[in-house]
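In the working numbering, the protein residues as written are 676 to 947. Glycine included, every Cβ here is placed at the ideal spot set by N, Cα and C. Heads up: the structure comes next, in structure tokens.
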Ligand SMILES: [Zn+2]
């Protein structure tokens, strides 16, 4: 599933390929349930004519404010991807929706499992709901992380996945951050010491920045068709794989709130 680095990589791709400044000519929706707001009829009527001002990101959402004052919001769901090609270029497989621009190019929304979503809203919060701090912003300091975790007895891994606590993390980068920080995924959040919270904050930033640097390199190496699904995390994601951090442990797999979770029992002991 695309998490913050994958969505941010998509945002950077869209900016570099020139989406800002394009004017929408036509929206073709192949799966009606993808449009969350307004109605499908109003979406395909209202989107054309708008010129994209910029491409921003909030958590796992892409935000394209238009000169009409409305914002086009996109979420890639489980398996979604976006490409911009000349309209005459044969489309890749699994394109569910297209948006044509007046310059002859076309945005292609690839979505094999059809879990992606689209909105056209006055206020992006209508689409995103309440979101926690952005982990790559200056607002995300030790005090901010301590505040959102205080009095929470749930497993730290489960809380890292909640978008209203921290924006943008999903299963893979939550595991990677806890692994880098040496914190067991099932530890109650309220039991983390200030020093552990600081280490976790640093590890979240490091995991995301490491991934983004790999995506940046990949876009340069493979432009204009970079791969969108790298595996740029440090944590070995297979049971019994040797731990690359301590060299002595082997990875173990558990379920935390039904999500497959890997950890090293030597680096990440169940009690501090
Ligand atoms: Zn280890």
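Alpha helix (DSSP H) segment containing residue i, residue limits
i, result
"residue 680", "679-691"
"residue 861", "Counting along the chain, residue 861 falls outside any alpha helix (DSSP H), and DSSP gives it neither H nor E."
"residue 928", "Run containing residue 928: none in the alpha helix (DSSP H); it sits in the beta strand (DSSP E), 927-931."
"residue 796", "Premise fails: residue 796 lies in the beta strand (DSSP E), 792-796, not in any alpha helix (DSSP H)."
"residue 803", "800-803"
"residue 719", "715-721"
Three-way DSSP call (helix, strand, coil) for residue i in this model
i, result
"residue 842", "coil"
"residue 866", "helix"
"residue 871", "helix"
"residue 891", "helix"
"residue 823", "helix"
"residue 881", "helix"
"residue 733", "strand"
"residue 775", "strand"
"residue 741", "strand"
"residue 934", "strand"
"residue 909", "coil"
"residue 828", "coil"
Extent of the continuous beta strand (DSSP E) run through residue i
i, result
"residue 832", "Not the beta strand (DSSP E): residue 832 falls in the alpha helix (DSSP H), residues 831-835."
"residue 781", "780-785"
"residue 749", "746-750"
"residue 757", "756-761"
"residue 697", "Neither: residue 697 is in no beta strand (DSSP E) and is coded neither H nor E."
"residue 941", "Per DSSP, residue 941 belongs to no beta strand (DSSP E) and is neither H nor E."
"residue 919", "Unbroken run through residue 919: none, as it is neither H nor E."
"residue 711", "710-712"
Assumed close pair residue i, residue j - CB separation to whole angstroms, cut-off 8 Å
i, j, result
"residue 702", "residue 718", "7 Å"
"residue 853", "residue 736", "Contact doesn't hold; Cβ gap of about 24 Å is too wide."
Could you tell me whether the stretch 820-838 touches the stretch 784-793, using the rule of 3 or more Cβ pairs below 8 Å? no
With contact counted as at least three CB pairs below 8 Å, one residue from each stretch, are the stretch 841-854 and the stretch 765-780 in contact? no
Please determine if the stretch 684-702 and the stretch 750-760 are in contact, where contact requires at least 3 C-beta pairs separated by less than 8 Å. yes
So, does the stretch 800-810 touch the stretch 907-917, judging by three or more C-beta pairs under 8 Å? no
Mind the definition here: the stretch 869-884 touches the stretch 936-945 only if three or more C-beta pairs lie below 8 Å; say whether that holds. no
Inspect the CB distances between the stretch 883-897 and the stretch 858-871 and report whether three or more fall short of 8 Å. no
Count the C-beta pairs between the stretch 918-928 and the stretch 703-713 that are closer than 8 Å, then say yes if the count reaches three, no if not. no
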